[in-house]
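Heads up: the structure comes next, in structure tokens.
2 protein chains.
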Amino acid sequence: MKTEGMTEDEINARHAEKMAKKKAARDKILATKTLQKGLLIVHTGKGKGKSTAAFGLVMRALGHGFRVGIVQFVKGRWETGERAILDKFADQVTIRTMGEGFTWETQDRQRDIAAARAAWEAAKEMFKDPAYRLVLLDELNIVLRYDYLDIQEVLQGLAERHPDNHVVITGRNAKDELIEAADLVTEMTMIKHPFRDGVKAQAGIEF
Amino acid sequence: MKTEGMTEDEINARHAEKMAKKKAARDKILATKTLQKGLLIVHTGKGKGKSTAAFGLVMRALGHGFRVGIVQFVKGRWETGERAILDKFADQVTIRTMGEGFTWETQDRQRDIAAARAAWEAAKEMFKDPAYRLVLLDELNIVLRYDYLDIQEVLQGLAERHPDNHVVITGRNAKDELIEAADLVTEMTMIKHPFRDGVKAQAGIEF
Chain A
1 MKTEGMTEDE
11 INARHAEKMA
21 KKKAARDKIL
31 ATKTLQKGLL
41 IVHTGKGKGK
51 STAAFGLVMR
61 ALGHGFRVGI
71 VQFVKGRWET
81 GERAILDKFA
91 DQVTIRTMGE
101 GFTWETQDRQ
111 RDIAAARAAW
121 EAAKEMFKDP
131 AYRLVLLDEL
141 NIVLRYDYLD
151 IQEVLQGLAE
161 RHPDNHVVIT
171 GRNAKDELIE
181 AADLVTEMTM
191 IKHPFRDGVK
201 AQAGIEF
Chain B
1 MKTEGMTEDE
11 INARHAEKMA
21 KKKAARDKIL
31 ATKTLQKGLL
41 IVHTGKGKGK
51 STAAFGLVMR
61 ALGHGFRVGI
71 VQFVKGRWET
81 GERAILDKFA
91 DQVTIRTMGE
101 GFTWETQDRQ
111 RDIAAARAAW
121 EAAKEMFKDP
131 AYRLVLLDEL
141 NIVLRYDYLD
151 IQEVLQGLAE
161 RHPDNHVVIT
171 GRNAKDELIE
181 AADLVTEMTM
191 IKHPFRDGVK
201 AQAGIEF
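Here it is as structure tokens:
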């Protein structure tokens, strides 16, 4: 805002006018948004915050009293901090941890494929049940990337879910077909990371 | 992975070899990360998930039993879902809501400046106290963008905080000076948004 030569009153008046216009524009847009449906949400990109934002959505849904399903395609992806919280909502949340570890830690492709298949079957069970207002498929993208599950089969399962179910899928390298099918896609981009400066993973931040 | 003409056993063997190399490289990198310090984290960009990921970090810290401080620079930014959860951790979390509403809803610049100043003073109180392992300054970036607070004053306050305190700052249009000072910066980019298709804000997803 260029304010040289303006009095404080003039700055305030111009600000009020500008904000009134913004509010009118925003209200007009909101009035056109009337549809309600289960959303397919994807968090991808190389930056941090994909699973953390999904965890935030889970907590928000739990706060509303909703039932939530979580399927972890990579074991150990969620750590002590999250587990301690989720344990407090055991009556609202169902967690299925099917992966056997990061794929680069197991080095056993057949076992990883079997785990991915079992996790996907657990997800499809949740899709049938309208009680699950939110289903989180954590790190499904990594499984799709390695072709442990067929993308077309996954898209079909998502399309056949109960129409009220919101689904959140996380993981870098989301497939184009998934992005195409999704309602809301956010890419987390890493601008700066403390690992570069030799800082180690810390409780409460990384796990 | 090009797998034409390979047997299933050959594919599995090559996969195991590739993953073993990845794991070795990753372990080597992790061994060099030994520093521990309070991080300055920024979530910016026009996409969704900035405050939601911060809320996820808050919940993770609460799961570890840490004390958490939250300063909301824009009132009403966090809604019923989050509040219902945070109320369950009232003994661990201190919330100071200082803003009077989205700036485009108040249209009163002087009142917004006073609210921003009060919020910043609350944040500085938390910075002095090592008990606050995590301090969230929600939507501080919007306040800095409108120059309601001076960026240099904010940077100085951040630099003077207790060295163990992690700080998370959210909001689009993070100032370059803040990005420069931060340890970890994630930009949330909107790839796709259901608003485009007329879908309204829904409980558990938007609030």
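Protein chains in written order, with full-length UniProt numbering: chain A, 1 to 207; chain B, 1 to 207. Note that CB positions come from ideal geometry on N, CA and C, so glycine has one too.
- Annotation: Lys-21 of chain A to Leu-134 of chain B spans about 37 Å, alpha carbon to alpha carbon.
- Residue burial is scored here from C-beta neighbours: Asn-173 of chain B has fewer than 16 other C-beta atoms within 10 angstroms and is therefore classed as exposed.
- In the three-state scheme derived from DSSP, where H, G and I count as helix and E and B as strand, Gly-69 of chain A is classed as strand.
- DSSP places Leu-40 of chain A within a strand segment (E or B) once states are collapsed to three.
- Looking from the CA of Leu-39 of chain B, the closest CA among B:Asp-147, B:Asp-87, B:Tyr-132 and B:Ala-90 belongs to B:Tyr-132.
- Of the other Cβ atoms in all chains shown, fewer than 16 fall within 10 Å of the Cβ of Thr-7 of chain A; this residue is therefore exposed.
- Interface residue (Cβ-Cβ distance to chain B less than 7 Å): Arg-109 of chain A is classified as such.
- Look at the beta carbons and you see the stretch 166-183 of chain A not touching the stretch 107-122 of chain A: under three pairs across the two are nearer than 8 Å.
- Ranked by Cα distance from Thr-94 of chain A, the options A:Glu-79, A:Val-71 and A:Ala-115 are led by A:Val-71.
- Gly-5 of chain A does not reach chain B, its nearest Cβ partner there being about 17 Å away, counting only Cβ pairs nearer than 8 Å.
- For the pair of segments examined, the stretch 133-153 of chain B was found to touch the stretch 58-68 of chain B: the number of CB pairs separated by less than 8 Å reaches three.
- Excluding its 5 nearest sequence neighbours in each direction, Ala-53 of chain B has C-beta neighbours in its own chain below 7 Å: His-43, listed in chain order.
- For Val-185 of chain A, the closest C-alpha among the options B:Val-168, B:His-15, B:Gly-49 and B:Lys-28 is that of B:Gly-49.
- Interface with chain B (7 Å Cβ-Cβ cutoff): Val-185 of chain A is included.
- For Asp-138 of chain A, the pairing in a beta bridge is given by DSSP as A:Gln-72.
- Between Lys-124 of chain A and Leu-144 of chain A, the C-beta gap is not smaller than 7 Å, which leaves the two residues out of contact.
- Note on geometry: alpha-carbon atoms of Glu-153 of chain A and Val-167 of chain A lie some 16 Å from one another.
- Closest in alpha carbon position to Phe-127 of chain B, among B:Ala-159, B:Asp-150, B:Ile-142 and B:Ala-115, is B:Ala-159.
- Contact check for Arg-60 of chain B against Glu-82 of chain A passes: the beta carbons are separated by less than 7 Å.
- In the three-state reduction of the DSSP assignment, Glu-82 of chain B falls in the helix class, which pools H, G and I.
- Measuring C-alpha to C-alpha distances from Tyr-146 of chain A to each of A:Ala-116, A:Ile-169 and A:Arg-161 identifies A:Ala-116 as the nearest.
- When rounded, the separation of the alpha-carbon atoms in Asn-12 of chain A and Glu-4 of chain A is 13 Å.
- Taking every protein chain shown into account, the CB of Glu-10 of chain B has fewer than 16 other CB atoms within 10 angstroms, so this residue is exposed.
- For the C-beta of Asn-173 of chain A, not a single chain B residue is nearer than 8 Å; the gap to the nearest is close to 13 Å.
- Interface criterion not met: the Cβ of Arg-161 of chain A is under 7 Å from no Cβ in chain B.
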